[in-house]
Amino acid sequence: MIAIKELITIDKTSDTAIYLQVSNAIIHNIRRGSLRRGLKLPGSRELAGILQVHRKTMLAAYGELLAQGWIEMIPRKGTFVVKDLPEIKPTRIKNVEPLAKYPVKTIFSIDEKRFAPFGPSNFPPPGKLVINDGFPDVRLAPSEFYIRELRSVAKQGAFKKYNMYGSAKGALYLRETLSSFLSDTRGLPISAENILITKGAQMGIYLAAHLLIKPGDNVIVGEPSYFAANITFQQAGAILNRVPVDEYGIDVDKIEAICKKKKIRLLYVIPHHHHPTTVTLIPERRIRLLELAANYKFAIIEDDYDYDFHYTSNPVLPMASLDNHGNVIYIGTLSKTLVPATRVGFMVAPENFINTVSHLRRTIDWQGDSMMEVAIAGLYRNGTIERHIKKVVKLYHERRDHFCALLKEKMGSHISFKIPDGGMSVWTKFNKVDLKLVAERAAKKGLLMSDGRIYNTNAEYNASRLGFASLNLKEQDKAIEILSTCM
Ligand SMILES: Cc1ncc(COP(=O)(O)O)c(C=O)c1O
């Protein structure tokens with residue numbers, strides 16, 4: 125008699141269903157030989173009694189083993205471990221020793237400098253006190269609704285088609301949903317054919333850059349600007365023309381002066397809340413930019429990564445909503461709306477651009493995760509996303525005000541900043557104190573923050589984006605208390 129009870133441990137607190145725990149344990153024991161080939165196993169009723177599980181659970185476990193080919197049921201005889209195990213054993217190549225250790229380096233050279241690391245080198249694990257770059261509070265994500273939606277679309281026959289390879293532009297259901305959402309809320313008179321679903325805004329920037337830029341092309345970016353976009357353009361071979369960003373946004377006179385001197389292929393702007401300084405580009409400059417783009421026939425990437433988060437007044441509609449000539453490639457994302465790990469973003473542009481960029485996208489990745497895209501569309505359609513935005517905007521508004529009051533009260537003349545109209549961070553310049561040292565001191569006291577070096581170009585800013593959105597008021601008190609002692 126086999127001591128099967130000792131071979132199978134059930135953890136009722138585990139997320140894995142009990143029938144799977146039982147079948148996995150049986151497979152494990154067959155593999156290691158504790159349950160030998162051809163062995164007769166107890167019947168499902170008897171084994172359910174031994175393991176103290178429901179008979180239906182045991183039937184499901186045996187059903188699983190049967191489906192995977194580990195056991196066979198012979199009528200009137202019983203249940204047996206199969207004689208020929210359903211495992212394919214790889215054949216060793218004769219006279220070749222298997223590797224003892226994997227090579228550390230390639231024998232051929234690679235351009236490690238061209239693809240150097242950028243951005244935060246490591247994202248701290250949850251539970252640490254962190255002033256981040258301006259990320260959402262992931263604890264507030266409507267995860268339950270998302271899982272429910274995913275489960276529901278997985279069950280519905282109508283969505284089964286999304287299990288197969290599909291369009292490189294993304295699930296039609298999401299593109300249709302987004303086209304009406306963006307037309308209602310952001311004044312973009314578009315259809316699904318104007319949309320490409322991406323894995324976040326960064327993929328949109330990458331695709332647009334690689335479609336547009338040939339080595340030596342001139343691209344205009346703000347100074348300072350979003351470091352990841354700068355790197356992406358440079359990798360594509362662009363020459364960056366850096367134009368100052370003041371309190372009204374990017375300086376349009378300077379852009380015009382450059383256009384008069386050289387052919388500009390692309391302008392990258394973040395009009396809503398410029399990264400990193402968070403300023404909003406004023407309407408007059410937006411209109412002039414569009415006129416310049418039409419006259420000089422350059423493309424504009426409008427990166428609108430945090431449109432939903434505006435606290436002071438109604439947000440200005442995207443430049444894309446005024447684009448008569450087909451200059452603007454509008455990029456958005458759900459990274460801030462939901463959580464950064466939801467890798468869903470979108471690109472809006474004239475149809476010919478979307479068609480061509482979708483062919484480029486296909487060379488990186490055939491398509492996005494359709495089931496996820498359809499579930500996200502469900503969240504738009506059942507109002508979850510809108511409700512979530514309303515809820516967090518209210519909360520982040522309160523957090524912004526508390527954070528800025530704390531900065532003023534506790535940090536005084538050590539820093540200068542302007543209260544941002546929106547977004548999730550405060551662009552903070554450190555006066556007289558070296559931010560790198562401050563960040564090092566803070567880390568020793570348990571507070572992690574950027575030392576601001578990622579924002580430096582030729583200019584050194586000694587400044588950083590201090591993110592307020594992911595810290596509740598108590599956490600903010602604690603963080604700023606620590607920071608104030610590091611000056
Ligand atoms: C200005 C800007 N653009 C794009 C992105 C990238 O967003 P995603 O996570 O959707 O790739 C970020 C991320 O913070 C950003 O700040």
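The opening residue of the sequence shown carries number 125 in my numbering; numbering runs sequentially from there.
Ideal placement from N, C-alpha and C gives every residue a C-beta, glycine not left out.
Note that the coordinates shown come from a computational prediction; the quantities given were computed from them, not determined experimentally.
Within its chain, find whatever has a CB closer than 6 Å to the CB of residue i; leave out the 5 residues flanking it on each side and keep chain order.
i	result
residue 586	554 and 559
residue 193	210
residue 457	324, 325, 429 and 469
residue 161	205 and 207
residue 488	none
residue 509	503
residue 104	It is not possible to answer for residue 104, since the shown part of the chain is limited to 125 through 611.
So, for residue i: in the same chain, excluding its five sequence neighbours on each side, which residues have a beta-carbon less than 8 Å away from its beta-carbon?
i	result
residue 232	none
residue 484	331, 334 and 335
residue 358	364
May I ask whether a heavy atom of ligand 1 can be found less than 6 Å away from the beta carbon of residue i?
i	result
residue 459	yes
residue 399	yes
residue 212	no
residue 454	no
residue 469	yes
residue 504	no
residue 429	yes
residue 355	no
residue 255	no
residue 439	no
residue 348	no
residue 544	no
residue 464	yes
residue 425	no
residue 104	Nothing about residue 104 can be read from this structure; the chain reaches only from 125 to 611.
Excluding the 5 residues flanking residue i on each side, which residues of the same chain have their C-beta closer than 7 Å to its C-beta?
i	result
residue 557	538 and 611
residue 373	395, 398, 403, 404, 405, 406 and 409
residue 168	179, 182, 183 and 186
residue 565	610
residue 123	Beyond the ends of the chain as shown, which are 125 and 611, falls residue 123; an answer cannot be given.
residue 316	296, 299, 300 and 303
residue 493	none
residue 380	416
residue 252	572
residue 195	165, 186, 189, 203, 204, 205 and 206
If you measure from the CB of residue i, is any heavy atom of ligand 3 nearer than 6 Å?
i	result
residue 325	In the structure on display, ligand 3 does not appear, and the ligands it does have are ligand 1.
Next item on the list: Give, in chain order, every unbroken run of the alpha helix (DSSP H) that is at least 4 residues long and sits entirely within the segment 183 to 257.
Entry: Within the segment 183 to 257, no complete alpha helix (DSSP H) run reaches 4 residues.
Check: Would you call the segment 390 to 398 and the segment 335 to 355 in contact, with 3 or more CB pairs under 8 Å?
Finding: A contact exists between the segment 390 to 398 and the segment 335 to 355.
Margin query: Quick test of the definition: if touching needs 3 or more C-beta pairs under 8 Å, does the segment 353 to 371 touch the segment 505 to 512?
Written below: Taking 8 Å as the limit for Cβ pairs, the verdict is that the segment 505 to 512 does not touch the segment 353 to 371.
Note to self: Please give the ranges of any beta strand (DSSP E) in the segment 413 to 476, keeping only runs that are unbroken, at least 3 residues long and fully inside the region.
What the structure shows: For the beta strand (DSSP E) assignment, the uninterrupted runs of no fewer than 3 residues enclosed by the segment 413 to 476 are, from N- to C-terminal side, 423 to 427, 452 to 457 and 469 to 472.
Check: Which ranges does the alpha helix (DSSP H) cover as unbroken runs of at least 4 residues, wholly within the segment 511 to 570, from first to last along the chain?
Finding: Taking only runs of at least 4 residues, the alpha helix (DSSP H) segments lying wholly in the segment 511 to 570 are 559 to 568.
Margin query: With three or more beta-carbon pairs closer than 8 Å as the criterion, would you say the segment 469 to 479 touches the segment 277 to 290?
Written below: The segment 469 to 479 makes no contact with the segment 277 to 290, as fewer than three CB pairs between them are under 8 Å.
Item checked: Cβ pair count under 8 Å reaching 3, the segment 449 to 456 against the segment 523 to 539 -> No, because fewer than three Cβ pairs between the segment 449 to 456 and the segment 523 to 539 fall closer than 8 Å, the two stretches do not touch.
Notebook entry, point to check: Which ranges would you report for the beta strand (DSSP E) in the segment 312 to 353 if only whole runs of at least 3 residues count?
Noted result: Listed in chain order, the beta strand (DSSP E) elements of length 3 or more contained wholly in the segment 312 to 353 are 319 to 322 and 342 to 347.
Checklist line | Stretch pair the segment 590 to 597 + the segment 520 to 535: three plus CB contacts closer than 8 Å | finding: Contact between the segment 590 to 597 and the segment 520 to 535 is present, because at least three Cβ pairs lie under 8 Å.
Margin query: Restricting to runs no shorter than 4 residues, where is the alpha helix (DSSP H) found entirely within the segment 265 to 313?
Written below: Runs of the alpha helix (DSSP H) inside the segment 265 to 313: 267 to 279 and 296 to 310.
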